[in-house]
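Going down the list, the sequences are from chains L and U. Using the numbering used here, the first residue of the first sequence is number 7, and each one after it goes up by one. Using the numbering used here, the first residue of the second sequence is number 4, and each one after it goes up by one. Virtual Cβ for every residue (Gly too), placed ideally from N, Cα, C.
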Amino acid sequence: MSFSDILNIGLMQGFAGLSLFAVLLLMGLGLAIIFGQMGVINMAHGEFMTIGAYTVYLFSWLADNRFPRFSQTYFLVAIVAAFVIAFAVGWLVEWALIRHLYKRPLDTLLATWGLSLGMQQVFRSTFGPKEVSPTLPDWLMGSWAPHEGLDIPINGLFVLALTLVITAALLLAMYKSRWGLRVRATVANRIMANASGIDTRKTDRLTFAIGCGVAGVAGAAFTTIGSTGPTSGSLYIVDSFLVVTFGGAAHLLGTVVSAFGIAQTQSISEFFLTGSMAKVLTLLLIVFFLMIRPQGLFASKVRR
Amino acid sequence: MLNVSDIYVSYGQSEALHGISFAAEKNETVAIMGRNGMGKTTLFKSLMGILPLKSGAVLVDGVDVSREESFRRVSKGIAYVPQGRMIFPTLTVEENILAGMENATIKKVPADIYALFPVLWEMRSRKGGNLSGGQQQQLAIARALVADPKVLLLDEPTEGIQPSIIKDIARTLNEIRRLRKLTIVVSEQILSFALEVADRLYVIEGGRLVHESPRAAIDEARIKQFLAV
Numbered sequence: 007m008s009f010s011d012i013l014n015i016g017l018m019q020g021f022a023g024l025s026l027f028a029v030l031l032l033m034g035l036g037l038a039i040i041f042g043q044m045g046v047i048n049m050a051h052g053e054f055m056t057i058g059a060y061t062v063y064l065f066s067w068l069a070d071n072r073f074p075r076f077s078q079t080y081f082l083v084a085i086v087a088a089f090v091i092a093f094a095v096g097w098l099v100e101w102a103l104i105r106h107l108y109k110r111p112l113d114t115l116l117a118t119w120g121l122s123l124g125m126q127q128v129f130r131s132t133f134g135p136k137e138v139s140p141t142l143p144d145w146l147m148g149s150w151a152p153h154e155g156l157d158i159p160i161n162g163l164f165v166l167a168l169t170l171v172i173t174a175a176l177l178l179a180m181y182k183s184r185w186g187l188r189v190r191a192t193v194a195n196r197i198m199a200n201a202s203g204i205d206t207r208k209t210d211r212l213t214f215a216i217g218c219g220v221a222g223v224a225g226a227a228f229t230t231i232g233s234t235g236p237t238s239g240s241l242y243i244v245d246s247f248l249v250v251t252f253g254g255a256a257h258l259l260g261t262v263v264s265a266f267g268i269a270q271t272q273s274i275s276e277f278f279l280t281g282s283m284a285k286v287l288t289l290l291l292i293v294f295f296l297m298i299r300p301q302g303l304f305a306s307k308v309r310r
Numbered sequence: 004m005l006n007v008s009d010i011y012v013s014y015g016q017s018e019a020l021h022g023i024s025f026a027a028e029k030n031e032t033v034a035i036m037g038r039n040g041m042g043k044t045t046l047f048k049s050l051m052g053i054l055p056l057k058s059g060a061v062l063v064d065g066v067d068v069s070r071e072e073s074f075r076r077v078s079k080g081i082a083y084v085p086q087g088r089m090i091f092p093t094l095t096v097e098e099n100i101l102a103g104m105e106n107a108t109i110k111k112v113p114a115d116i117y118a119l120f121p122v123l124w125e126m127r128s129r130k131g132g133n134l135s136g137g138q139q140q141q142l143a144i145a146r147a148l149v150a151d152p153k154v155l156l157l158d159e160p161t162e163g164i165q166p167s168i169i170k171d172i173a174r175t176l177n178e179i180r181r182l183r184k185l186t187i188v189v190s191e192q193i194l195s196f197a198l199e200v201a202d203r204l205y206v207i208e209g210g211r212l213v214h215e216s217p218r219a220a221i222d223e224a225r226i227k228q229f230l231a232v
């Protein structure tokens, strides 16, 4: 094996890590908003991702069987729909369940875990236990080969671009918009935010729904790199929590950096070791890091 | 402007306020004097809707707000500067002020706020949590003022602040009243501060108002006796 072969393999493996990074980041951002900002441990976050994935599958099925002329364009619409549907379900869940539990943060863990089991069963009953895959449009297939022996898959590039757009939009919304200000004020001091004129209940609901919507987009992105089953989302939930904790809760930039670190460690060590050993290595590194620095990578420097 | 009639507040089984009534006119400053644990903060929290009333009513400009949530009271004209300032430490000074502008039509901090508190203009991009106590107090007042209140509630604004700054705060409160002609209700332990800002003084003891007097006819020795530990 020549040096350029090794370089190519390293690059491709690194890129595979980037695709994982994209899904982890989208999942992590949604969680970071909900967990970091609101203190709600949303164990059902993976299922919101699955909602997004099944939404894409549904649109793909419609395009295949009913509206063949949309077979090249349905995917873009499906991403938006994935956000909207996950957002709407999130809104409903916050109203029906979460808002009663803000004063009992640990109970949200149990409640949302139950919710996650319930949602998995709904998926199983609706779509069947078998994994499904949408028919991806032609423009997402194939790979981009800048030179001999190096193949970068186009779907990976697309997912990466989508992730960057969503991340930028979220960061902008969090730090420049009125909604972001409301969220950050509520996080800093819920009672005082309310006494300053902010409708904290509405803010909570919108925030939870946006977090779920972003998970839906993560699900849409996920369909380009894996097939969807009722439990697809739950496979990602642990990693997503790791991303948020490692990055430092309540710090969106930390989430970006930590998603990148975890995805790359996982993906590159997977090439040299087996998948489970790679996982062990990643977990060990994170555990040691968090022992030394419990607040995570980033924490805001403010007198308390 | 502010009418409080016969309010009762309790923490679980134990009643903390036993029927408090008072009124404050437009362009009037009222001080509620009392020692620690006499119910000042409980009274302010219940006026703001942070603690629920057991009975009684709070009227702002004739509108009953007794059953409203805090943020709705803000839109009906009460603003609140809590004890311990409670600014948002992770937000910048400017964002802290903007947080109080939920019902404002403009999206920028009005110039007169920075004119009133020049130090906040200098510190506008700093995190609120990194300001000194006196600066945080000014920030908390600014955050309440941008809501354009009819009634401004200040709970122990002098607590933990050095004497020279306390004089500044008194001057600022008088300036605010001169400019905006609003109603100010302030709770205090320091008599000299209260005498500088208030037109009328009440003394609260054990959850009841036990003494009322206009500034002109004040019996300083008597009030000092109430405040003595």
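What number of angstroms, rounded off, separates the C-alpha of residue i from the C-alpha of residue j?
i        : j        : result
Met206/L : Arg70/U  : Met is not the amino acid found at residue 206/L; the sequence shown has Thr there. Roughly 17 Å between the two C-alpha positions.
Arg310/L : Ser135/U : Bear in mind that a pLDDT of 48 at Arg310/L, under 50, signals an unreliable position, so the number given afterwards is only what the model happens to contain. Distance between the alpha carbons of Arg310/L and Ser135/U is about 12 Å.
Val213/U : Glu18/U  : 17 Å
Asn200/L : Ala227/L : 37 Å
Met55/L  : Ala151/L : 31 Å
Ala269/L : Met297/L : 20 Å
Ala219/U : Ile179/U : 22 Å
Gly230/U : Ala174/L : Looking at the sequence shown, residue 230/U is not Gly but Leu. For Leu230/U and Ala174/L, the distance between alpha carbons rounds to 56 Å.
Tyr242/L : Ala38/L  : 14 Å
Arg15/L  : Phe164/L : First, the amino acid is wrong: residue 15/L is Ile here, not Arg. Roughly 20 Å between the two C-alpha positions.
Leu59/U  : Asn30/U  : Leu is not the amino acid found at residue 59/U; the sequence shown has Gly there. Rounded to the nearest angstrom, the two C-alpha atoms are 24 Å apart.
Thr61/L  : Val189/L : 28 Å
Val61/U  : Ser73/U  : 13 Å
Trp119/L : Tyr83/U  : 39 Å
Phe65/L  : Leu259/L : 33 Å
Lys109/L : Ala59/L  : 32 Å
Leu112/L : Ile47/L  : 7 Å
Glu223/U : Gly45/L  : 50 Å
Pro160/U : Leu187/L : 25 Å
Thr44/U  : Ile197/L : 14 Å
Ser238/L : Gly65/U  : 58 Å
Arg146/U : Leu116/L : 38 Å
Leu17/L  : Gly134/L : 37 Å
Val244/L : His106/L : 25 Å
Gly15/U  : Ala191/L : 29 Å
Leu31/L  : Pro143/L : 24 Å
Rounded to the nearest angstrom, how far is the Cβ of residue i from that of residue j, given a contact under 8 Å?
i        : j        : result
Gly34/L  : Gly219/L : Contact doesn't hold; Cβ gap of about 15 Å is too wide.
Ile91/L  : Gly222/L : 6 Å
Lys153/U : Thr186/U : 6 Å
Ser24/U  : Val7/U   : 6 Å
Ser240/L : Ser139/L : That pair is no contact at about 18 Å.
Arg211/L : Glu100/L : 5 Å
Gln301/L : Gly254/L : 6 Å
Gln43/L  : Val249/L : About 15 Å; that fails the 8 Å criterion.
Ala143/U : Ile90/U  : 5 Å
His21/U  : Arg181/U : At roughly 36 Å, the Cβ-Cβ gap does not stay under 8 Å, so His21/U and Arg181/U are not in contact.
If you follow the alpha helix (DSSP H) that residue i is in, where does it begin and where does it stop?
i        : result
Thr192/L : Arg184 to Ala194
Trp97/L  : Tyr80 to Ala102
Glu97/U  : Val96 to Ala102
Trp124/U : Pro121 to Glu125
Ala224/L : Thr206 to Phe228
Identify the continuous beta strand (DSSP E) that holds residue i and give its terminal residues.
i        : result
His106/L : Counting along the chain, His106/L falls outside any beta strand (DSSP E), and DSSP gives it neither H nor E.
Ile90/U  : Taken as a continuous stretch (DSSP letters only), Ile90/U belongs to no beta strand (DSSP E), as it is neither H nor E.
Ile23/U  : Ser17 to Ala27
Val189/U : Thr186 to Glu191
Leu156/L : Leu156 to Pro159
His51/L  : Run containing His51/L: none in the beta strand (DSSP E); it sits in the alpha helix (DSSP H), His51 to Asn71.
Val206/U : Arg203 to Glu208
Ile81/U  : Ile81 to Val84
### Task
Determine which residues of the stretch 186-205 of chain L have a Cβ less than 8 Å from any Cβ of chain U, and write them out in chain order.
Within the stretch 186-205 of chain L, contact with chain U at the beta-carbon level (separation under 8 Å) is assigned to Leu187, Arg188, Arg190, Ala191, Val193, Ala194, Asn195, Ile197, Met198, Ala199, Asn200, Ala201, Ser202, Gly203, Ile204 and Asp205.
### Residues, ordered as in the chain, of the stretch 130-158 of chain U that lie near chain L by beta-carbon distance below 7 Å
Lys130, Gly132, Asn133, Arg146 and Ala150
### Task
For the stretch 35-51 of chain U and the stretch 198-214 of chain U, state whether three or more C-beta atom pairs, one from each stretch, are separated by less than 8 Å.
yes
### Task
Assess, as a yes-or-no matter, whether the stretch 92-103 of chain U is touched by the stretch 123-130 of chain U under the definition of 3 or more beta carbon pairs within less than 8 Å.
Because the criterion of three Cβ pairs below 8 Å is met, the stretch 123-130 of chain U and the stretch 92-103 of chain U touch.
### Task
Would you check if there are 3 or more beta carbon pairs closer than 8 Å linking the stretch 269-281 of chain L to the stretch 17-32 of chain L?
yes
### Task
Identify each residue in the stretch 85-110 of chain U for which the Cβ-Cβ distance to at least one residue of chain L is less than 7 Å, and report them in chain order.
Listed by position, the residues of the stretch 85-110 of chain U near chain L (Cβ gap below 7 Å) are Pro85, Met89, Phe91, Pro92, Thr93, Leu94, Glu98, Leu101, Ala102, Gly103, Glu105 and Asn106.
### Query
Should the stretch 208-217 of chain L be regarded as contacting the stretch 75-87 of chain L, the criterion being three or more beta carbon pairs within less than 8 Å?
Contact fails between the stretch 208-217 of chain L and the stretch 75-87 of chain L, because fewer than three Cβ pairs, one in each stretch, are under 8 Å apart.
### Query
Given 8 Å as the limit, is there contact between the stretch 177-196 of chain L and the stretch 51-61 of chain U, that is, 3 or more CB pairs closer than that?
no
### Query
Three or more beta-carbon pairs under 8 Å between the stretch 165-172 of chain U and the stretch 115-122 of chain U, yes or no?
Too few Cβ pairs lie closer than 8 Å, so no.
#### Entry: Against chain L: residues of the stretch 27-57 of chain U by CB proximity under 8 Å
Closer than 8 Å at the C-beta level to chain L, one finds these residues of the stretch 27-57 of chain U: Met51, Gly52 and Ile53.
### Query
Closer than 9 Å, Cβ to any Cβ of chain L: which residues of the stretch 54-80 of chain U, in chain order?
The stretch 54-80 of chain U vs chain L, Cβ under 9 Å: Glu72, Ser73, Phe74, Arg75, Arg76, Val77 and Ser78.
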